[in-house]
Structure formats: C-alpha cells, structure tokens
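Residue numbers (our numbering): 57 to 769.
For every residue, glycine included, the Cβ atom is placed at its ideal position computed from N, Cα and C.
A short worksheet on the structure shown next.
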Amino acid sequence: MSDHNSRGTKRKRSDRDNHSHDLTVGDTLARIQAEQAVNKKESDLQDTKAAESQRNGLEKHHGGAPSDDGWQAVDRATRRKQKKLENNYPALAHSATARLQSFVKISDLQNLVLYILADGTAPQWISVKHHQNFDKVVVLMVPGLDTDLFTGAVSLEDGEKGDENPGAQAGELVPPNDQSNGSTKLSLAPDNYYPSKLAHQKLPEPLKPLSEIFTHLWPIKTPGDFKRMHSPMYAMLSSPIPRTKEEKNKKGPKPPAESRSWTDKRTPITEYIATRSELVENAYALHPAHLNSETEREVEKARRHKAVQSPEDGWVDILDISSVTEGAAPESEIEAGSILQGRSLLVIDCEMVTTTVDRFALARISIIDWDGNVVLDELVKPTDPIKDYLTPYSGITKEMMDTATLTLADIQSRLRILLTPQTIIAGHSLDSDLRAVKISYPFIVDTSLLYPHPKGPPQKSSLKWLTQKYLSREIQQSSTLGHDSIEDAKACLDLIKQKCEKGKAWGTSDASGESIFKRLARTGKVDHRTKKDPALQEGMEPAPRRTGALVDRASPSHGFAASAEVAITCETDRDVVAGVERAINGVADGGAGGCDFVFARLRELEYVRGWAGRQDAADEREEVALADAVRATVQCIADVYAALPRRTGFIVLSGSGPPGDMVRLQKVYAAHKAEFLVKKWDELSVKWTDTEEQELKKAVERARRGVGFVGGK
C-alpha cells in the first residue's frame, strides 16, 4: 500500500506491532548506542593502523637498535607511557558546576594534600584532574594577605606605611577609596564563599603576578569559635587519625582513636607534677617553694596582693618548705616500678555558690585518696549571705547549706594537718578549687594540663568530655541536681591513673592526631579505588614512603619540624624561598629526588602589617612601605612557583584575616575576667557588656576569614 493510499486508513494494532520500522524508545536508544560503538571501533582501528604504520616506519629506519649515527629508538612501552602522562596531565581548577554550601576550610586544603599524596578523600569543592599523576605538593602560608588588598579597601599606593582603613568594622569589607574607579577593583561579597576570578587588569600592580600563577582567589576559613580563632598552622599540619568504619558507626561515647595501636609506657606520678611555668601560665598562686630568690618572692608578693591572694585576704601557704626538692621521698621508701614513687595523692573537687557581694564562695569540698576512699567531704558556710546556690551546676541546695557549720578557716586548718611534703594534690582545673579554698600548694597535678584541648591553650577540655572519651562513662548527667563532687573527683582520679599507665603522650594531640608529615610517611601513595598501596596489590615491594619538609623560622626541633624528614631554619623570606627550592628539588637537605611535600611560611608581610610582632623586636629595622612589602612577598611566591618541578601541586593560604581587633578585645575580656573573680561588680575598672561581646564576635569572624590560591605546575 502506498503512502498516498495509506493516509486516512486506520491500521490494526496487529499491523502496528508487526511493522519492522516502528521502534520503541528503548529500541531506538539501543540502535544509537550500537552504531556509536561500531563507529568508535572503526575509528580506533584506523588509529591503531596509523600508529602501527608510524611505528613500522620508525622501526624500519632504526631497526629497533642503535642506528649508524648513534641514536637509540625509543621503546614502544616508554612512548606509550610518556604519551599517557602528557594526555593525563594533573590539574587543580575551580569547577563552574561546583555547588559550595559553606566556606572552604583549612582542613579541606589539608585533605586535598592527602588526597593527592596519600589516603585523603576526593574533595567536592574543587576539580582535581588525574590526581595520581601529581608527584609533589608545596603549601606556602603567607600571613598578611587578605581580601582588603585585592578589593582596594587597603591602599597599595607607593609610600603608604600601613593599612589605609584600619578602622574598618570587623567582618565587613570596606569599599575602595576611589569609588569612581571601582570597576577596576575585584568585587567580593563578604558572605560569598565562592572563589573570585583573578582578572589581571583589576588587580593592584603589586598583586598582578599572582594572576599568572593562579586563576582564582578562594575565601578560606580558619577554625575557631565565636570568641577565638584557632591556630591556622596547627589546622594545616595536624591530621586526625582516621577511624575505621566500625568506629564511625558505633553509638555513644567513642574510645580514642589512638587506643588501636597504642603501646603503654608506665610513668610515675611525679612526672606529671606541674612545673613553675605551667602554674604561672594557668593563673595559680605560686607557693614560696617555687621562688628561688628574695627578688622573686617580692615580685610574687606584690602580684598576689594586687590579685587579692595575700594573707590579708585570707590566703594561706600550705607546707612550710623552702624548696620543691623537699617533697621527694627517701630512696629507701620507693618501690621499684611504683607509680606513686613513695608519695601520696589526694584528689580535690570543690563546689561553689555566689554571695550577695557578687563573689564565688566555697560551699563543699570533697577529697579522695589514691584508692578512691573519701578522706574529706564537708559543707562550708560562706562568710557572706548566699545569693545563688547554682544548683544546676554545684548540686548545692538551701537545705544542704542550712546544716553547714564549718568555715573556710576550719577547712584550711584541716588541710594543714592532712597535707604533708610527700602529698601531691590533684584535680581538674585545680586553680579554681584552690582559689575557692584560698591556699597555695607546691605539688599539683591538673588533669586539664595532662589532657590538653585539641586546639591548644587557652582552651581546656571539660571533665565531662574527658570522662566520656577516655573512660567511656557519663558524669554530670542531671540538669537539675547538678554535679556530685565525689563523682567528679573519682573521674579525675581514673584519668590520672590511666595517664600513668599509658604514658606522657596519651591524651595529647600527638596521640589523638598526628602531624601531616607522619601521616604521609605512614601511608604513602594509595590507590583510591581500593584504599591500598598499589605496589602491594601487585605482589611487589611497598612503594617508598612520602617524605616531607618544613621551611620556617622556627627551630628544627620545635613542634611540627621535629616530625618532618627535612627541617630548614630561615631568617628571612628570601631564605624561605631558597629553602623550598632545596627541599623540593633534592638539593642539600632535600636528598635525592627531593621531598614529596613541603610546607613553608613567609612572614615579612605579616610583620609589616602589624599582624604579629617580630621575635627579634630589639633589632631595629627600616620601616617598609606596604606596597613594597606586598610586592616583595608576591615575588617570593612567584620565585617558589618558578622553582617547582612539573606535576607539582601549589597551594598558598594566608591562614587568617586581620587579627588586630580580635586580639585587642580578647585582652579586654581577659582583664575583665581576672577582675571579676576578686572584685565586686561596681569596683570593676574593666567593663564587659553585650556591646563588647558582639564586637568580639564580629572581630573573630573577620579574623577567621583568610584567602587562598590553589593551582599546579
């Protein structure tokens, strides 16, 4: 039937079903895919024939052996490998399809390094092409770089000595000074966490070379909370120990990750007695036994008088000894392998209330011994009327205090009898307890120092959190009944015993985490599909471990430098540039082939902008214009890039934004807090209201916003 005759004629369903030219959607797709496969096969066959023809021509000319002119024909496998590497050249780039939900953090940069060189997870915020073909990564921290330099909020005109707009509100970007020329400046939204393209024509002259190395300026956020910023260097170089899948899925308090491979190192309690410097740093009143000269005693006496910690204020020095050496037990009384070393240990925990003069006062003191026996548990009647029992925190009620008869002086007298030169007292943040009891003591063990906060001082982990993490039990669960000082003291005692059994590193960042240098050396290159060393899968020898270098002004034995394969100490930024080149290319300290990972820090710009004080502050230096300092720093970055070998990832980060306002307000808050502990509210000379609180939050938020650049060579 012709098409003309078939028009208007309704076909039967059976005709339609049997018609060979009527296809379903699935049939159509199958045919298209089959045709594409055939075309691809034919194309590949043609390419193969062409390649074979080319190889045959080369082999005919060279004969697969050295020719008459001495040239050696390249092996076919070698040519294929070289071609594959060129076709699969690694790259780091911003993806236009990426959907960021928050700021890129310093920990994301660290994970990028670990993804390229070791066992990190694939990042979602940046496009990483052929990451397995990167050979090395260099990370350069440059404090002093921030968005204000790129937007024009800070002038980079020649002759300017500092920030053009130092009064800019924290957390906000100040518009460029020359509003008529705003189109020539980079425009960055304060809350925009997407990167901005580095347009060469829009950059200030000193910053233009950066556009020849990187394509985008990334906002990078430093870890912290609303009152403080954590160390950006720690965030970059300290890596958490990865948890297994089973540990991640476990409900409730999770045991420390370090427990899987930990080797116990039994350590005596005397090794944990706080040193004089630790006592000073944590606001303890120094006992006279820690003071070695009359001058030191006079200085401490004046300090304690000013801090309302003198005998006139009711304070007493327990133990009449002149030196801490008098507390050591005789050798004859020390058993071999003993943890106590002939000493005794008492754990103290106190609960407080507030009085009508707006001061904290001791309400309960509990003391237990090494075996957990209760030695003392008494309620104490404050001198002034009680204003707030603080029951949700202290567990103290009016009914309890109505039965109290002992005074603070009575407790001090009992402690004089109870404590001997061989007695060590312990507690959690014991400085607050001793402040409540108004005593100084020479032999102190503080669990807040034995188990430091993961982010470092001045932060301290709570006793409740430490008990959950290291003892796998809960304390302080009641939100209405408050704390139980006996329960808290026993938790503190168990933490001390565990520390003595495990060793000094237990509970520290060295145990709960590890430096990135150690992690790279431990894991090496990993196949990201199997999460294993590719060499081990093929039955070959394990791949060489990754080596790392730290190039900085710090001593080679200080902090992270101690765990790096290579540590190079520098005095200037130019020294840092030379040190990176030595480490990455294997010259001198770097060894054969150079290091796989290099971390370095340029600090001259930071000093010029006043973000940090020089360690050599006594050394008089010529004042440097800000534009010149930026120009010199950018040149250092460019010189480092020029020295990098091919297939090297290159990351530059500032670490933070301007910290000036944050530091200033933190000092005000610290002064207020110190006064608040010892003075009445109307006697405070340093005020801290909600206005200052909000200013601090804004300043911290501004300081936590740094910048970064990510690329490769």
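Which residues in the same chain have their Cβ closer than 6 Å to the Cβ of His77, if we skip the five residues on either side of it in sequence? The residue given as residue 77 occupies position 21 in the sequence shown. Low confidence applies here, because His77 scores a pLDDT of 46, under 50, leaving its location unreliable; read the following figure in that light. Hits under 6 Å: none found.
Residues that Phe653 bridges to, as DSSP identifies them: By 1-based counting over the sequence shown, the position of residue 653 is 597. Note: Phe653 sits in a beta bridge opposite Val193 and Gly604.
Among Val696, Leu475 and Pro513, nearest to Tyr497 - alpha-carbon criterion: Taking the sequence shown and counting its residues from 1, one reaches residue 497 at position 441. Nearest C-alpha to Tyr497: Leu475.
Alpha carbon to alpha carbon, how far is Arg575 from Ser294? Give it in angstroms, no decimals. Taking the first residue of the sequence shown as 1, we reach residue 294 at position 238. Taking the first residue of the sequence shown as 1, we reach residue 575 at position 519. For Ser294 and Arg575, the distance between alpha carbons rounds to 9 Å.
Taking the C-alpha atoms as reference points, what is the distance between Thr271 and Leu254? Looking up residue 271 in the sequence shown gives position 215. Looking up residue 254 in the sequence shown gives position 198. Roughly 5 Å separates the two Cα atoms.
Go ahead and label His484 buried or exposed: buried means 16 or more other beta carbons lie within 10 angstroms of its beta carbon, across all protein chains shown. The residue given as residue 484 occupies position 428 in the sequence shown. The residue is buried, with at least 16 neighbouring Cβ atoms inside 10 Å.
Is it a yes or a no for the segment 726-740 touching the segment 162-174, going by three-plus beta-carbon pairs under 8 Å? no
Would you mind reading off the limits of the alpha helix (DSSP H) that contains Trp521? Numbered from 1 along the sequence shown, position 465 holds the residue referred to as residue 521. Its alpha helix (DSSP H) spans residues Leu519 to Leu522.
Any 3 or more C-beta pairs closer than 8 Å across the segment 486-505 and the segment 371-391: yes
For Leu709, the residue or residues it bridges with in DSSP: Numbered from its first residue, the sequence shown carries residue 709 at position 653. Per DSSP, Met197 and Gly764.
By DSSP, does Asp373 sit in helix, in strand, or in coil? As a working note, residue 373 is residue 317 in the sequence shown. In the structure shown, Asp373 sits in a strand (DSSP, three-state: E or B).
Contact between the segment 458-467 and the segment 441-450 (3+ Cβ pairs under 8 Å): no
Only counting runs of 4 or more residues, tell me where the alpha helix (DSSP H) segments fall wholly within the segment 411-475, in order along the chain. 447-450, 454-458 and 464-474
Contact check, Gly24 vs Val708 under 8 Å by CB: the rounded distance? Only positions 57 to 769 of the chain appear in the structure, and residue 24 is not among them; the question remains open.
Span separating the alpha-carbon of Gly716 from that of Glu749: As a working mapping, residue 716 is identified with position 660 in the sequence shown. As a working mapping, residue 749 is identified with position 693 in the sequence shown. Roughly 16 Å between the two C-alpha positions.
Does any CB atom of chain D fall closer than 8 Å to the CB of His728? The structure shown contains no chain D, having only a single protein chain.
Does the Cβ of Thr704 have 16 or more other Cβ atoms within 10 Å, making it buried, or fewer, making it exposed? Position 648 of the sequence shown, counting from 1, holds the residue named residue 704. Under this definition Thr704 is a buried residue.
Considering just the uninterrupted stretch of the alpha helix (DSSP H) at Val184, what are its terminal residues? What you label residue 184 is simply residue 128 of the sequence shown in a count that begins at 1. Unbroken run through Val184 is the beta strand (DSSP E), Ser183 to Lys185; no alpha helix (DSSP H).
From the DSSP secondary-structure annotation, give me the bridge partner or partners of Asp695. Translated into positions along the sequence shown, residue 695 becomes position 639. For Asp695, which the question treats as bridged, DSSP gives no partner whatsoever.
Helix, strand or coil for Val632? Go by DSSP, reduced to three states. Mapped onto the sequence shown, residue 632 falls at position 576. DSSP places Val632 in helix when its eight states are reduced to three.
Less than 8 Å separating the beta-carbons of Asp405 and Cys548? Working through the sequence shown from its first residue, we reach residue 405 at position 349. Working through the sequence shown from its first residue, we reach residue 548 at position 492. Their beta carbons are under 8 Å apart, which means Asp405 touches Cys548 by this criterion.
Once you ignore the five residues that flank Tyr340 on each side, which residues in its own chain have a CB closer than 6 Å to its CB? Indexing the sequence shown from 1 puts residue 340 at position 284. Correct list, in chain order: Asp487.
Short of 6 Å in beta carbon distance, which residues of its chain neighbour Arg760, apart from the five on each side in sequence? Order them along the chain. Residue mapping note: residue 760 aligns to position 704 of the sequence shown, counting from 1. Only Lys277, Thr278, Gly280 and Met285 meet the Cβ criterion.
Give me the Cα-Cα distance between Arg332 and Leu347, rounded to the nearest whole angstrom. In the sequence shown, the residue the question calls residue 332 occupies position 276. In the sequence shown, the residue the question calls residue 347 occupies position 291. In a straight line, the C-alpha of Arg332 is about 9 Å away from that of Leu347.
Touch test, the segment 381-395 against the segment 507-518, Cβ-Cβ under 8 Å, three pairs minimum: no
Taking one C-beta from the segment 193-200 and one from the segment 654-665 each time, how about it: are there three or more such pairs within less than 8 Å? yes
Proximity below 8 Å, CB of Pro251 to CB of His150: Within the sequence shown, the letter at position 195 stands for residue 251. Within the sequence shown, the letter at position 94 stands for residue 150. Taking 8 Å as the Cβ cut-off, Pro251 and His150 qualify as a contacting pair.
For the alpha helix (DSSP H) containing His728, list its first residue and its last residue. One-based indexing of the sequence shown puts residue 728 at position 672. Here the alpha helix (DSSP H) through His728 covers Gly716 to Phe732.
Quick one: residues in its chain with C-beta nearer than 7 Å to the C-beta of Val756, no 5 flanking neighbours on either side, listed in chain order? As a first step, residue 756 must be located in the sequence shown, where it is residue number 700. Within the same chain, Val756 has close Cβ partners Gly280, Phe282, Lys283, Arg284, Met285 and Met718.
Between Leu205, Glu407 and Lys264, which has its C-alpha nearest Met457's C-alpha? Position 401 of the sequence shown holds residue 457. With distances taken between Cα atoms, Met457 lies closest to Glu407.
Is DSSP giving Arg758 helix, strand or coil here? Along the sequence shown, one-based indexing puts residue 758 at 702. Note: Arg758 maps to helix in three-state DSSP.
For Gly398 and Asp320, I'd like the C-alpha separation in whole angstroms. Counting from one through the sequence shown, the residue named residue 398 turns up at place 342. Counting from one through the sequence shown, the residue named residue 320 turns up at place 264. The straight-line gap from Cα to Cα measures roughly 22 Å.
For Ile297: DSSP bridge partner residues: Within the sequence shown, residue 297 is the residue found at index 241, counting from 1. Partner(s): none; Ile297 has no beta bridge.
Classify Thr207 as helix, strand or coil using the three-state DSSP reduction. By one-based count along the sequence shown, residue 207 stands at place 151. Residue state, collapsed to three classes: helix.
Using the C-alpha atoms, what's the distance from Thr479 back to Arg472? Here residue 472 refers to the residue found at position 416 of the sequence shown. Here residue 479 refers to the residue found at position 423 of the sequence shown. Roughly 11 Å between the two C-alpha positions.
For the ligand ADP, I want to know if Ser488 counts as a neighbour, meaning its beta carbon is within less than 7 Å of at least one of the ligand's heavy atoms. As for the ligand ADP, it is missing from this structure, which has no ligand bound.
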